[in-house]
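Structure first, then comments.
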Ligand code: HEM
Ligand SMILES: Nc1ncnc2c1ncn2[C@@H]1O[C@H](COP(=O)(O)OP(=O)(O)OP(=O)(O)O)[C@@H](O)[C@H]1O
Ligand SMILES: Nc1ncnc2c1ncn2[C@@H]1O[C@H](COP(=O)(O)OP(=O)(O)OP(=O)(O)O)[C@@H](O)[C@H]1O
Ligand SMILES: [Mg+2]
Ligand SMILES: [Mg+2]
């Protein structure tokens with residue numbers, strides 16, 4: 005079982021590293037979207053700072069959202085998903101492996117680059133640290149919840165926008181708490197509450213989302 | 005030739021209307037993304053108003069971006085694109101038909117719903133009108149430029165993020181002028197210059213983009 | 011081993027088959043026959059547990075496959091219309107990836123031998139995207155060969171194979187049967203098997219409920 | 011009509027064929043033969059102008075097809091490995107959409123007759139997504155029938171077709187030839203054509219440049 | 055209280071009556087749309103039956 | 040015992056049985072919804088006194104609040120019956136869920152629009168980003184998501200199960216959103232929320248409000264029955280009972 009988890013994780017990582025350029029894509033998308041805002045509004049430092057937590061978090065969320073179809077779409081299209089479903093290993097484990105790979109390839113890079121963008125948006129240092137923590141706790145949840153959404157829409161062609169319709173409302177609590185933590189940190193107030201909430205949601209998602217995803221996959225496979 | 009244009013346009017519109025629900029998807033995505041921002045920042049009226057032009061324009065741009073693969077992806081995957089390319093009609097005309105359909109299905113609805121979102125973001129009325137004009141001139145350009153991007157990336161699987169890398173930089177001038185027009189209108193200043201620029205870009209894109217798209221399609225078809 | 015009890019399958023408006031029952035023992039080969047759209051693919055997917063039937067059950071060693079999933083899946087292998095090939099993995103990696111989902115560890119030599127057998131000997135490090143349609147299907151043959159399953163479920167295994175490929179598939183089935191394994195397959199292009207073979211015929215294209223006819 | 015002059019095709023590292031020349035006159039049928047991966051699909055795509063050859067030219071009525079696109083495309087029709095079927099359009103609309111790209115207006119009766127001929131008579135208003143793989147291919151047959159082209163280029167037209175479907179394809183080709191049209195096709199599954207037929211054999215799978223062998 | 059005062063709603067006529075009018079619209083839509091849907095479904099099934107009968111007759115020939 | 044209950048449930052929940060039974064119920068619900076609604080409107084528009092703070096504008100309450108309540112109630116019905124459909128494989132439950140979605144969405148829409156119409160005179164803006172408003176908006180999106188997924192998946196059974204799963208996940212989400220937005224907003228913007236504090240209501244206002252709420256519930260019951268009947272007809276279009284029924288029409 006653990007072996008199956010490990011192998012699948014490795015396969016997905018190897019696949020991603022095969023096209024190096026793709027690896028950086030969510031990251032570049034993240035950076036691009038964040039840079040769009042200063043271009044679109046008059047960039048005074050205060051204005052930038054005020055919108056920074058929101059803009060960075062929303063962009064991270066969109067970057068994850070856009071990379072979600074990496075999770076199952078290709079496997080579905082070429083029939084590999086059928087083979088996963090016919091594996092003697094519990095589907096939940098395999099789902100978890102795929103979600104882990106997805107987070108390594110999208111969430112983690114976002115967390116790493118975020119301080120740079122914070123600097124770019126004139127975010128004070130202490131808020132920058134909180135930004136990292138909040139993203140570190142939040143992005144895995146985005147991948148986990150996203151997995152449910154993708155598994156529900158994977159059989160639908162042109163499901164891209166449908167996916168966002170389904171997933172974005174589910175992302176909202178994370179967005180509120182993540183951005184709020186950074187916002188509050190900017191005012192020098194304590195953020196333990198927000199981070200604890202994010203941690204709690206992470207635990208919850210970690211235990212429930214793979215199950216829901218596995219159920220959803222069995223449903224959509226029933227072609 | 006005109007007949008080919010008309011038929012293809014009609015086919016695409018009919019296809020879209022076959023799944024009614026999909027029709028609304030870019031629209032809902034637009035509304036959803038705009039909603040994310042007030043949730044992520046402290047929603048005081050001034051803060052909202054200050055970021056409104058940027059947020060609405062960036063969201064519109066992302067909505068168009070996400071719906072771009074509607075343009076050729078499916079036709080490519082099922083082989084219909086090969087058939088288009090084997091048509092005795094000039095490819096440019098067919099491209100134009102597809103772009104027109106795309107704009108009717110994504111750009112136009114965005115223009116129509118935009119005033120509502122302006123209200124959400126506490127945008128004053130006169131700026132709301134300018135928002136509509138700027139979107140009306142800007143969204144067709146987004147579709148036209150997007151078509152070039154899709155035709156280049158359509159053969160790449162998981163091309164979604166690659167597409168945004170190619171297209172977003174090209175979108176930036178439109179974004180700057182569009183958002184700026186609204187921004188300036190909020191201060192009660194004249195916006196003729198910005199709108200004229202957008203109109204000029206539209207004319208330029210209308211005459212050049214379909215040609216570029218046709219060339220790009222011939223290149224990617226050479227599998 | 012495998013027992014099908016009064017299956018019914020409806021797609022959209024059409025009843026494809028109902029009250030379909032048959033069973034498959036060891037060392038048996040079964041062909042599902044029927045014209046285009048008669049429900050062969052649907053039947054095979056139900057048989058693997060990928061699709062839920064409208065009625066009826068599939069039993070493996072006397073137990074429902076849904077309650078007995080791990081056991082059943084450890085001893086069967088399925089290939090469908092789709093090639094399961096990753097464009098960015100090499101031929102060798104593609105085979106290994108397929109085997110990994112089944113948690114099988116196969117030695118390097120065995121894998122190479124299988125690839126040689128299906129005619130991809132010199133293609134180990136060619137990426138999937140550079141293969142022709144027939145070469146892709148051959149990877150699946152290597153996978154089936156190495157999976158070590160007792161039951162093979164093959165949906166149109168001859169698709170895109172050239173004459174030599176067809177002969178290969180035939181000999182593989184015969185070998186598998188000789189070793190006590192069983193096979194369920196569909197094909198429109200005559201497979202000449204030099205062994206006893208049963209067949210299930212699915213009805214003529216039935217446009218509405220009640221018109222399906224199946225023989226067993 | 012069609013003339014191929016010393017074509018060369020290289021994919022990745024491999025030379026698939028070079029110095030390949032042949033021509034096709036009226037009422038001629040030509041089969042492209044060769045094992046999996048020998049370059050049949052690549053050749054047909056070059057022949058239609060969808061792919062550029064590494065060297066050589068394709069001429070239509072003595073003119074290069076690239077300079078003469080409209081004329082060439084008005085008189086040829088191609089079907090490839092992919093089904094070109096829109097999941098959300100009905101069978102009838104799918105055929106019409108295919109014809110529309112060629113700016114053909116075909117009467118309703120003609121379309122219905124063609125659909126009946128390919129065995130989709132009662133399927134006119136079934137959406138593409140609800141068709142089996144064989145039924146999808148049959149839509150393409152109707153399209154070819156109605157396209158009114160003089161040259162047919164068919165890549166594995168027998169894929170997924172049942173016995174009856176194969177017979178239909180054969181008779182269609184014969185009819186087309188009788189009316190003075192020509193056909194280029196590939197297939198692995200014997201097509202029994204009751205007429206004179208030429209063939210071009212592409213070489214054995216050649217791993218590196220220089221090993222390709224073609225006969226004509 | 056007279057009617058014009060009633061319709062005036064103390065200056066809030068626009069807000070109040072738009073709300074009530076919209077409610078009416080939505081109630082009516084909720085009544086009409088399932089009825090139309092029902093008609094469509096029945097017509098569709100009838101068509102299917104007709105088609106099957108034709109086919110049955112054909113296959114008996 | 041359990042087995043016989045199970046059998047009874049299955050028989051009772053067969054679309055055919057439901058179709059017959061619901062035909063008898065619909066007129067009752069319709070008529071009582073109409074009567075209760077008209078009486079409630081009469082009390083609300085003519086009898087209830089003018090609010091000393093809000094003036095006449097408060098009369099929007101008689102549709103805003105029932106509509107808002109219904110939008111939550113219908114979502115719960117949808118989620119619960121989806122759960123029943125997934126766990127016990129009862130088809131009728133799936134049909135009820137699918138039939139509820141458009142009705143619930145229209146109530147959510149109504150609550151949103153009447154709320155903003157009320158908000159303009161009260162707060163000076165059609166829209167503010169308050170906890171309740173935000174979660175109601177998200178609720179509308181969840182309805183849209185449910186309906187979009189339902190119609191996007193071709194296979195009816197998969198569509199039911201998939202969208203049902205989404206409805207259930209949505210319940211968890213709506214609760215979290217509600218509390219999170221409340222917390223988030225009270226941190227900065229207590230004022231907006233305070234406006235929602237229900238004034239101890241005059242009994243003459245409370246009664247029409249409750250009557251309207253009841254009328255909306257009855258109306259929902261009638262419409263959902265009609266819609267579920269449609270679903271039953273459509274999904275069983277190949278079964279004998281539908282064929283016989285249609286042939287009699
Ligand atoms: C777009 C604007 C609005 C939306 C989306 C909205 C939404 C809602 C919702 C969802 C509820 C039900 C809450 C529950 O039962 O938990 C509700 C109840 C209520 N709303 Fe609104 N509302 C809006 C504007 C207003 C305004 C402007 C007022 C009056 C100033 C108002 C007064 C009330 C009252 C009195 C209740 C009943 C409270 C209760 O049951 O405790 N609403 N609204
Ligand atoms: N996704 C689908 N939705 C609805 N109906 C479908 C779907 N796929 C197939 N069908 C219908 O189900 C029937 C059986 O399809 P299936 O793919 O099982 O046939 P098959 O016997 O494998 O045919 P073929 O020989 O063409 O592969 C067909 O008549 C088709 O119309
Ligand atoms: N996209 C590609 N990129 C690189 N090489 C490719 C690509 N597609 C095919 N090839 C290579 O080109 C060769 C010819 O492929 P082609 O598809 O033309 O063969 P084919 O004769 O049609 O084979 P089949 O009978 O299997 O369909 C193969 O050896 C394959 O490895
Ligand atoms: Mg099949
Ligand atoms: Mg080929």
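Chains as they are written, first to last, in our numbering: chain A, 5 to 227; chain B, 5 to 227; chain C, 11 to 226; chain D, 11 to 226; chain E, 55 to 115; chain F, 40 to 288.
Just so you know, even glycine gets a beta-carbon here, dropped at the ideal spot from N, CA and C.
Predicted, not measured: the structure shown is a model, and the values here were computed from it.
Counting along the chain, residue 19 of chain C sits inside the beta strand (DSSP E) bounded by residues 12–21.
Non-local C-beta neighbours of residue 186 of chain F in its own chain, meaning closer than 6 Å and more than five positions away in sequence, comprise 140, ordered along the chain. By the rule that beta-carbons nearer than 7 Å mark a contact, residue 226 of chain A touches chain F. Inter-segment contact for the region 169–180 of chain F and the region 192–209 of chain A is absent: fewer than three beta-carbon pairs are separated by less than 8 Å. CA-to-CA, the gap between residue 276 of chain F and residue 68 of chain D works out to about 55 Å. In the three-state scheme derived from DSSP, where H, G and I count as helix and E and B as strand, residue 66 of chain D is classed as strand. Nearest to residue 215 of chain B by alpha-carbon distance, out of B:22, B:46 and B:101, is B:101. Scanning A:152, A:52 and A:192 for the CA closest to the CA of residue 217 of chain A turns up A:152. For residue 214 of chain F, DSSP assigns no beta-bridge partner whatsoever. According to DSSP, residue 94 of chain F shares a beta bridge with F:90.
Within chain A, 90 have C-beta atoms less than 7 Å from the C-beta of residue 58 of chain C, given in sequence order.
In the three-state DSSP reduction, residue 86 of chain D falls in the strand class (E or B).
Within 10 angstroms of the beta-carbon of residue 104 of chain E lie fewer than 16 other beta-carbons, which makes it exposed.
In the structure shown, residue 165 of chain D adopts extended strand secondary structure according to DSSP, grouped into three states. Straight-line measurement puts the Cα of residue 123 of chain F at about 34 Å from the Cα of residue 169 of chain F. Counting along the chain, residue 282 of chain F sits inside the alpha helix (DSSP H) bounded by residues 279–287. Of the heavy atoms belonging to ligand 3, none sits nearer than 6 Å to the Cβ of residue 22 of chain A. Under the DSSP assignment, residue 193 of chain D falls in the beta strand (DSSP E) whose first and last residues are 192–196. At least one CB of chain F lies nearer than 7 Å to the CB of residue 123 of chain B.
Within 7 Å of the CB of residue 93 of chain C, no CB atom of chain D is found; the nearest one sits about 12 Å away.
As DSSP reads the structure, residue 42 of chain C sits in a beta bridge with C:196 and C:210. For the pair of segments examined, the region 42–55 of chain C was found not to touch the region 77–87 of chain C: the number of CB pairs separated by less than 8 Å stays below three. In this structure, ligand 2 has no non-hydrogen atom nearer than 6 Å to the beta-carbon of residue 200 of chain F. In the structure shown, the three-state DSSP call for residue 73 of chain C is strand.
Shown in chain order are the members of the region 111–134 of chain D whose Cβ falls below 9 Å from a Cβ of chain B: 111, 112, 113 and 115. In the DSSP secondary-structure assignment, residue 137 of chain C is bridged to C:100. If you ignore the 5 residues before and after residue 64 of chain C, its C-beta comes within less than 7 Å of the C-beta of 18, 19 and 20, all in its own chain and listed in chain order. The beta carbon of residue 202 of chain A sits closer than 8 Å to the beta carbons of 138, 141, 142, 145, 178, 181, 182 and 185 from its chain, once the five residues preceding and following it are set aside; these are given in chain order. Annotation: residue 58 of chain F to residue 43 of chain F spans about 22 Å, alpha carbon to alpha carbon. Short of 6 Å from the beta carbon of residue 255 of chain F, and not among the five residues preceding or following it, lie these beta carbons of its own chain, in chain order: 105 and 109. Residue 135 of chain B is positioned such that its CB atom lies closer than 7 Å to that of residue 118 of chain B. Residues of chain C whose Cβ lies closer than 9 Å to the Cβ of residue 71 of chain A do not exist, since the nearest Cβ in that chain is about 16 Å away. The residues 76, 217, 220, 221 and 224, in chain order, have a CB closer than 7 Å to that of residue 155 of chain A in the same chain once the five nearest residues on each side in sequence are set aside. DSSP places residue 32 of chain C in the strand class (E or B) of the three-state scheme. Contacts with chain A at 7 Å (Cβ-Cβ) do not include residue 139 of chain F. As the crow flies, the alpha-carbon of residue 198 of chain F is around 30 Å from that of residue 41 of chain F.
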